[in-house]
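Residue numbers (my numbering), protein chains in the order written: chain X, 68 to 371; chain B, 68 to 371. Each residue gets a CB set at the ideal place from its N, CA and C atoms; glycine is no exception.
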């Protein structure tokens, strides 16, 4: 199934997760950065997924993707087992300990874009190695806006390639700890300035439940997180945030500071639903009306 | 010197601090919750200070107070040494370790309001024991709006008295860790709901560099902190926030959700200057024009 009208291409990991929180435990649930990002983006635009699964990937998970209307032309199925991750959250529901990481088919993954995706205007390069992010970029013929996410692992082991990516994208998203690691600055404002010097137009520093900071040469926008009454599983919140953001940006079609800021509020809103259940469970039953209502509520909370 | 027109009375601690950060160290500087709060409030309204100092309290510190135009009719001078505190900040400039606490004259402090203060409309009960906070409240003849701040010590050793205070004030301010300790809830939204059940109209949960959350029965307002490029000394930021807030509220004279929210943004703005130097040093040279300019900048950052 190829949709010639895919507006947003998302590349990243697909995993089967086992997650323990202080309140619950779930085994072998659908996860991965690309799953959360595509599901969130699907509320706004046509989204194509580029990733890899193993022979053991359950059909029911493919049905979940299809339920969101995600285009799967770029989904590869490889011999072997699907990537697996297992982690335990502490009482704060923020800090977590990884119990197990099995790369499996993800180890030899090379993201290849279906021809129809190469003309897509929006690209979200989820958290995969910077070499693979560059490989995706090389296949894009006329990208209008490209976001890359990254993590501490790549900062530590592939800094040169990562700086190459940062120099080629429109926006880099990363969390506060990663921003400090990347720039060797502590103050987040100074971190953001250093990253802007590497080339992107925008930097988004994610602070989890404390929201995010958007920084460009034109100034700073402070973005709140919606105060969720009860978080069941924070996994994938940053990916859903990025996916919802890119989906909203693609839908609106205009790219300037004001639209970027509004699209980020959409991302924060969708992500806030995502953490209210495990895996994609809350997003699966979520209606666009509920997203709109919570976005209005979030904007009222910041006086917009 | 008594000013019959004191609009805001602030009660709290006056200390002589020795503070070490990763970048600097200052000995025997002016501190204490009431110092920061009164200085911040003085940008907006006439403020009277109620506190105690010892015989060793330097005249130059009194001159600092007078420089802000703070009314000192409620300032007691007792036999003995002034309260002293010494602490070391970690690299994050948030977590700190107390090296020394000498109560000295603060141990026997009983806040007595000059007669002119008893008719003041606004009261800020800074971080002193809840028994003393109640003692102040009993002297107020017609308070329009009372805020109490508290800390983990009182939650641990004087919970009953503290709950008595919370039931009598219009707003409680406390930080996130203290809110969790007080309510035995983890989620801050649930913490705030529990505290509202104790009686106040408003709860402000302070999150330091991550801003604050204002909660009432009418909903939640998310308040950003201004992203300071370089923090020299975070001591007193919460007190300056509360003082600036109460000053702005007293100046405007109207008390409703919208005015409370706007006044809190004033508090956040003044507090952001305070941390850019040690003690009251940055506030001493600060002009109202600079406060207004940064407030506009802060509001633009949240899209207001």
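Name the two residues that bound the continuous beta strand (DSSP E) containing residue i.
i: residue 279/B; result: 279 to 283
i: residue 229/B; result: Where residue 229/B is concerned, there is no enclosing beta strand (DSSP E), although the alpha helix (DSSP H) it sits in stretches over 226 to 233.
i: residue 340/B; result: Looking at the DSSP string, residue 340/B is not in any beta strand (DSSP E); the run it does join, the alpha helix (DSSP H), is 324 to 341.
i: residue 153/B; result: 151 to 156
i: residue 103/X; result: Residue 103/X -> not in any beta strand (DSSP E); alpha helix (DSSP H) instead, spanning 100 to 108.
i: residue 297/B; result: Note, residue 297/B: premise wrong, no beta strand (DSSP E); not H, not E.
i: residue 259/B; result: Run containing residue 259/B: none in the beta strand (DSSP E); it sits in the alpha helix (DSSP H), 255 to 263.
i: residue 118/B; result: 114 to 120
i: residue 216/B; result: 212 to 216
i: residue 273/B; result: 269 to 273
i: residue 86/X; result: 82 to 87
i: residue 286/B; result: 286 to 290
Give me whichever residues DSSP pairs with residue i in a beta bridge.
i: residue 131/B; result: DSSP lists no partner for residue 131/B.
i: residue 168/B; result: 152/B
i: residue 77/X; result: 116/X, 191/X
i: residue 239/X; result: 215/X, 270/X
i: residue 92/X; result: 87/X
i: residue 97/X; result: 83/X
i: residue 208/B; result: Paired residue(s): none; residue 208/B is not in a bridge.
Would you mind telling me which residues of chain B sit closer than 8 angstroms to residue i, beta carbon to beta carbon, in chain order?
i: residue 328/X; result: 370
i: residue 158/X; result: 253
Determine the extent of the alpha helix (DSSP H) in which residue i is found, giving its start and end residues.
i: residue 138/B; result: Element bounds for residue 138/B: not the alpha helix (DSSP H) but the beta strand (DSSP E), 138 to 144.
i: residue 312/X; result: 304 to 319
i: residue 193/X; result: Run containing residue 193/X: none; DSSP gives neither H nor E here.
i: residue 368/B; result: 355 to 368
i: residue 250/B; result: 243 to 250
i: residue 348/X; result: 348 to 351
Starting from residue i, find everything on chain X with Cβ-Cβ shorter than 8 angstroms and list it in chain order.
i: residue 274/B; result: 277
i: residue 280/B; result: 294
Measure the C-alpha to C-alpha separation of residue i and residue j and round it to an integer number of angstroms.
i: residue 294/X; j: residue 339/X; result: 8 angstroms
i: residue 208/X; j: residue 164/X; result: 40 angstroms
i: residue 282/B; j: residue 260/B; result: 8 angstroms
i: residue 251/B; j: residue 76/X; result: 44 angstroms
i: residue 69/X; j: residue 88/B; result: Here residue 69/X scores only 47 on pLDDT, less than 50, and its place in the model is too uncertain to base an answer on.
i: residue 200/X; j: residue 152/X; result: 21 angstroms
i: residue 256/B; j: residue 296/X; result: 6 angstroms
i: residue 97/B; j: residue 307/B; result: 14 angstroms
i: residue 104/X; j: residue 309/X; result: 6 angstroms
i: residue 213/X; j: residue 238/X; result: 7 angstroms
i: residue 143/B; j: residue 174/B; result: 13 angstroms
i: residue 43/X; j: residue 183/X; result: An answer regarding residue 43/X cannot be provided, because it is not within the stretch 68 to 371 covered by chain X.
i: residue 72/X; j: residue 186/X; result: 9 angstroms
i: residue 299/X; j: residue 344/X; result: 5 angstroms
i: residue 179/B; j: residue 116/B; result: 11 angstroms
i: residue 336/B; j: residue 181/X; result: 51 angstroms
i: residue 286/B; j: residue 198/X; result: 46 angstroms
i: residue 37/X; j: residue 232/X; result: Given that chain X is displayed from residue 68 to residue 371, the structure contains no residue 37/X and the question cannot be resolved.
i: residue 349/B; j: residue 332/B; result: 19 angstroms
i: residue 148/X; j: residue 81/X; result: 11 angstroms
i: residue 210/X; j: residue 353/B; result: 47 angstroms
i: residue 224/B; j: residue 218/B; result: 11 angstroms
i: residue 113/X; j: residue 215/B; result: 52 angstroms
i: residue 141/B; j: residue 288/X; result: 42 angstroms
i: residue 367/B; j: residue 324/X; result: 12 angstroms
i: residue 302/B; j: residue 192/B; result: 18 angstroms
i: residue 128/X; j: residue 346/X; result: 11 angstroms
i: residue 194/X; j: residue 100/X; result: 7 angstroms
i: residue 132/X; j: residue 107/X; result: 11 angstroms
In the stretch 244 to 267 of chain X, which residues sit with their C-beta less than 7 angstroms from some C-beta in chain B, listed in chain order?
-> For the stretch 244 to 267 of chain X, which is checked against every Cβ of chain B, the residues closer than 7 angstroms are 253, 254, 255, 256, 257.
Using a Cβ-Cβ cut-off of less than 7 angstroms, give me the residues of the stretch 338 to 365 of chain X that come near chain B, in sequence order.
Sequence-ordered contacts of the stretch 338 to 365 of chain X with chain B are nonexistent [C-beta pairs closer than 7 angstroms].
Along the stretch 288 to 305 of chain B, where does the CB come closer than 8 angstroms to a CB of chain X? Name the residues. Using a CB distance below 8 angstroms, the part of the stretch 288 to 305 of chain B facing chain X consists of 288, 289, 291, 294, 295, 296, 297, 298, ordered along the chain.
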